[in-house]
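In this note's numbering, the protein residues as written are 450 to 977. Here a beta-carbon is modelled for each residue, glycine too, at the ideal position from N, C-alpha and C. These figures come from a predicted structure and were not determined experimentally.
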RNA sequence: GCGGGUAUCGUACAAUGGCUUCGUAUGCCAGCCUUCCAAGCUGGAGAUGAGAGUUCGAUUCUCUCUACCCGCACCA
């Protein structure tokens with residue numbers, strides 16, 4: 450990538466009304482971003498293009514728009530509740546998971562930690578094993594992992610990780626094969642209805658049980674103790690961490706109402722929320738973001754051809770965004786890194802200023818989600834082929850897109866600093882179909898009423914045709930061109946004295962700075 | 001979450017324990033001027049992220065918080 454920095458982009462975005470820090474006036478809120486007039490137009494142009502390419506232009510695709518708030522069972526069935534809880538460690542042997550801070554005694558390790566870290570770091574500098582030979586690479590790498598983990602986690606987490614060395618056994622299987630401790634819960638929680646309802650009180654012997662929405666208390670001899678805050682209250686709902694589940698939960702509705710031929714897909718655009726530990730890199734990783742997702746339902750025998758079809762479509766999409774081919778990379782996720790539900794995944798990556806990073810994903814999710822819904826709801830997710838052959842639960846190919854990541858990639862790849870006649874300029878070479886302002890209309894001079902009047906006519910005409918057309922009579926003509934360059938306006942239309950005589954205008958091109966004389970009658974066609 | 005850095009008009013930078021509380025450029029607003037690539041003139045609005053502390057006095061020193069950037073980690 451070039452030497453464009455994220456700060457250059459962020460600065461331009463703020464200065465020209467694309468993107469602002471969320472809640473900025475109150476000091477901001479980490480991981481949130483607000484779109485200004487130009488930003489929202491750019492973003493919409495991108496998501497509208499997506500909708501057109503993947504829904505409207507296809508016979509096998511249908512749109513839906515599910516609620517953000519969904520029954521908590523959605524997230525229980527999908528596995529999100531289970532895996533998105535407090536810091537956990539997993540036993541790699543029996544896959545039991547434990548609350549790091551509750552399950553294990555950690556005092557001894559905490560005390561020994563600094564010493565152990567020092568020893569490890571020293572050992573890494575000169576990796577020689579007890580018998581004087583160089584240890585195998587895997588062993589050294591493993592040791593590096595330990596040190597990384599030690600640096601990464603503080604307090605109880607580190608301590609638990611130390612258990613690997615300190616021979617604390619898994620309470621379930623007795624083995625010592627702990628994975629890394631992890632913070633799992635990334636779902637935002639909220640509550641439906643009033644929270645402080647009257648608690649239910651019951652008695653048994655000398656003990657009083659008080660249960661309200663979030664806690665069960667036991668009262669013995671005057672002490673009240675929280676006995677459990679682990680269970681999810683019935684009025685708890687989660688903000689969706691992905692839009693995909695809104696599609697899966699409506700699969701049956703769509704089949705029942707439209708009965709599309711297989712294969713078919715459902716598409717959805719919408720906000721999703723993740724409580725990221727550290728939002729980063731401008732809008733790349735935010736706590737509130739927008740996804741565009743497709744679940745494409747297929748006969749399990751035919752998943753590979755569908756996968757290849759989408760892989761090709763994804764490339765067409767990236768091309769339509771105007772991203773340079775050399776900045777886009779496919780990363781085949783290795784089998785042992787695949788999510789448990791996936792049998793194949795390709796991450797599509799883009800060269801952002803902060804490094805190569807994921808812009809979208811393409812995953813074969815098998816029938817994992819529909820199967821889960823079927824078991825959890827007790828309702829059949831089977832598809833009955835119209836030829837009378839045996840019903841089955843369809844498998845799924847999932848292309849998943851992040852809107853902000855697309856916006857950012859488009860901005861990055863169109864941002865240029867070049868020169869016109871020895872003067873520096875900043876220009877966004879946005880594809881014409883994405884530019885927030887399609888064209889700007891200017892009277893050559895601001896103090897000549899006849900020019901203004903004519904320019905207003907032209908502006909009205911173009912505004913009616915394209916909508917996103919800007920009137921600009923600020924400063925002199927050169928300034929206006931530069932201003933429009935900076936926001937990526939592809940064409941500037943200028944009304945001069947010749948216009949008054951022959952009804953032609955000059956159209957100035959953003960990229961070449963060349964001007965052509967065009968009859969007003971041909972203008973719309975010319976700008977198209 | 002860990003470590004490092006930053007925070008001054010919209011933007012990019014400057015300066016200062018006080019004196020009239022802050023300069024420059026650009027942008028912005030009003031007016032004039034201007035016949036195609038950031039010309040010029042006049043006038044104007046606009047800032048020390050938030051909160052505490054030290055001090056006679058803090059934008060400046062200290063602490064806390066918040067946000068962003070960089071390096072890790074995380075990204076199911």
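Residue interval of the alpha helix (DSSP H) (run including residue i)
{"i": "residue 778", "result": "Counting along the chain, residue 778 falls outside any alpha helix (DSSP H), though it belongs to the beta strand (DSSP E) covering 777–781."}
{"i": "residue 503", "result": "Note, residue 503: premise wrong, no alpha helix (DSSP H); not H, not E."}
{"i": "residue 703", "result": "700–707"}
{"i": "residue 931", "result": "926–935"}
{"i": "residue 907", "result": "898–915"}
{"i": "residue 695", "result": "693–697"}
{"i": "residue 883", "result": "No alpha helix (DSSP H) holds residue 883; DSSP gives it neither H nor E."}
{"i": "residue 455", "result": "455–464"}
Other residues of its chain near residue i: CB distance less than 8 angstroms, five sequence neighbours each side excluded
{"i": "residue 821", "result": "526, 527, 528"}
{"i": "residue 733", "result": "801, 803, 806, 853, 854, 857"}
{"i": "residue 918", "result": "886, 887, 888, 889, 890, 908, 911, 912"}
{"i": "residue 847", "result": "693, 742, 743, 744, 745, 810, 811, 812, 813, 814"}
Environment of residue i [buried if 16+ CB atoms lie within 10 Å]
{"i": "residue 735", "result": "buried"}
{"i": "residue 607", "result": "Because the pLDDT of residue 607 is 42, which lies under 50, any placement of that residue in the model is unreliable, and the number read from its coordinates should be weighed accordingly. Its Cβ being crowded by 16 or more others within 10 Å, residue 607 is buried."}
{"i": "residue 708", "result": "exposed"}
{"i": "residue 961", "result": "exposed"}
{"i": "residue 789", "result": "exposed"}
{"i": "residue 908", "result": "buried"}
{"i": "residue 454", "result": "exposed"}
{"i": "residue 694", "result": "buried"}
{"i": "residue 877", "result": "buried"}
{"i": "residue 923", "result": "exposed"}
{"i": "residue 465", "result": "buried"}
{"i": "residue 494", "result": "buried"}
{"i": "residue 965", "result": "exposed"}
{"i": "residue 516", "result": "exposed"}
{"i": "residue 475", "result": "exposed"}
{"i": "residue 706", "result": "exposed"}
{"i": "residue 939", "result": "buried"}
{"i": "residue 639", "result": "exposed"}
{"i": "residue 900", "result": "buried"}
{"i": "residue 851", "result": "buried"}
{"i": "residue 487", "result": "buried"}
{"i": "residue 492", "result": "buried"}
{"i": "residue 949", "result": "exposed"}
{"i": "residue 969", "result": "buried"}
{"i": "residue 780", "result": "exposed"}
Boundaries (first-last residue) of the beta strand (DSSP E) holding residue i
{"i": "residue 889", "result": "888–892"}
{"i": "residue 767", "result": "No beta strand (DSSP E) contains residue 767, which is instead part of the alpha helix (DSSP H) from 752–769."}
{"i": "residue 919", "result": "918–920"}
{"i": "residue 940", "result": "940–944"}
{"i": "residue 774", "result": "Here residue 774 belongs to no beta strand (DSSP E), and DSSP marks it neither H nor E."}
{"i": "residue 822", "result": "Segment 817–826 is the alpha helix (DSSP H) holding residue 822; no beta strand (DSSP E) there."}
{"i": "residue 954", "result": "953–958"}
{"i": "residue 686", "result": "685–688"}
Beta-carbon contacts of residue i that lie in its chain and below 6 angstroms, excluding the five residues immediately before and after
{"i": "residue 479", "result": "728"}
{"i": "residue 557", "result": "Bear in mind that the predicted position of residue 557 carries a pLDDT of just 41, short of 50, making it too unreliable to give a figure here."}
{"i": "residue 840", "result": "831, 833"}
{"i": "residue 731", "result": "455, 459"}
{"i": "residue 829", "result": "none"}
{"i": "residue 880", "result": "771"}
{"i": "residue 808", "result": "797, 799, 854, 858"}
For residue i, the residue or residues it bridges with in DSSP
{"i": "residue 844", "result": "747"}
{"i": "residue 864", "result": "877"}
{"i": "residue 482", "result": "470"}
{"i": "residue 813", "result": "793, 846"}
{"i": "residue 637", "result": "Residue 637 pairs with nothing; no bridge assigned."}
{"i": "residue 964", "result": "957"}
{"i": "residue 720", "result": "739"}
Other residues of its chain near residue i: CB distance less than 7 angstroms, five sequence neighbours each side excluded
{"i": "residue 481", "result": "471, 472, 735, 736, 737"}
{"i": "residue 914", "result": "973"}
{"i": "residue 823", "result": "829, 830, 842"}
{"i": "residue 892", "result": "900, 901, 904, 922, 944"}
{"i": "residue 936", "result": "465, 487, 877, 885, 886"}
Residue i: CB within 7 angstroms of a non-hydrogen atom of the ligand HEM
{"i": "residue 505", "result": "Inclusion of the ligand HEM in the displayed structure is not the case, the ligand content being empty and no account of it being possible."}
(message) Would the stretch 487–504 count as touching the stretch 756–771 if we require 3 or more Cβ pairs under 8 angstroms?
(response) yes
(message) Closer than 8 angstroms is the cut-off here; do at least three beta carbon pairs connect the stretch 812–820 with the stretch 707–724?
(response) The stretch 812–820 makes no contact with the stretch 707–724; the number of CB pairs closer than 8 angstroms stays below 3.
(message) Quick check: the stretch 770–788 against the stretch 858–872, are at least 3 beta-carbon pairs closer than 8 angstroms?
(response) yes
(message) Assess contact between the stretch 939–953 and the stretch 901–909, defined as three or more Cβ pairs (one per stretch) separated by less than 8 angstroms. Is contact present?
(response) A contact is defined here as three or more CB-CB pairs under 8 angstroms, and the stretch 939–953 meets this definition with respect to the stretch 901–909.
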